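Quick notes on the structure that follows.
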């Protein structure tokens, strides 16, 4: 294991396994692809999608910005995002105004 990989592992959220960290990172990529790059026509703006992707990454990194988020809820939303299975039903999904 090189030093970069070692630092990366230590910085991750101890309450979230490596598998779930990978899932959250993949969901962040899917959000950016669907809603930022392709600008899918839904109630979610590109800015909101970027903020949600950033939130997933903060949960993975154990960043203080992710402290207010229940990791289990973030993981559940990540599954919904990847499966495109009504992610708007999650309490973490930005509310339509």
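In the working numbering, the protein residues as written are 174 to 270.
Each residue gets a CB set at the ideal place from its N, CA and C atoms; glycine is no exception.
Values in this document were obtained by computation on a predicted structure and should not be read as measured data.
With H, G and I counted as helix, E and B as strand and the rest as coil, what does DSSP make of residue i?
| i | result |
| --- | --- |
| residue 284 | This structure gives no information on residue 284, because the portion of the chain shown stretches from 174 to 270. |
| residue 212 | coil |
| residue 264 | coil |
Quick one: what's got a C-beta closer than 7 Å to residue i's C-beta in the same chain, skipping five residues either side?
| i | result |
| --- | --- |
| residue 239 | 228, 231, 232 |
| residue 178 | Confidence is the limiting factor: at residue 178 the pLDDT is only 43, short of 50, which leaves the residue's position unreliable and the question unanswerable from this model. |
| residue 176 | Residue placement at residue 176 is flagged as unreliable, the pLDDT there being 42, under the threshold of 50; the coordinate-derived value follows with that caveat. Around residue 176: no qualifying Cβ. |
Who are the near neighbours of residue i in its chain, counting only those whose CB is closer than 6 Å to its CB and skipping five residues on each side?
| i | result |
| --- | --- |
| residue 220 | none |
| residue 207 | 213 |
| residue 189 | 244 |
Since I believe residue j is in contact with residue i (beta carbons under 8 Å), could you give me their beta-carbon distance rounded to a whole number of angstroms?
| i | j | result |
| --- | --- | --- |
| residue 247 | residue 265 | 7 Å |
| residue 209 | residue 222 | 5 Å |
Given 8 Å as the limit, is there contact between the region 219-234 and the region 193-211, that is, 3 or more CB pairs closer than that? Touching, per the Cβ criterion.
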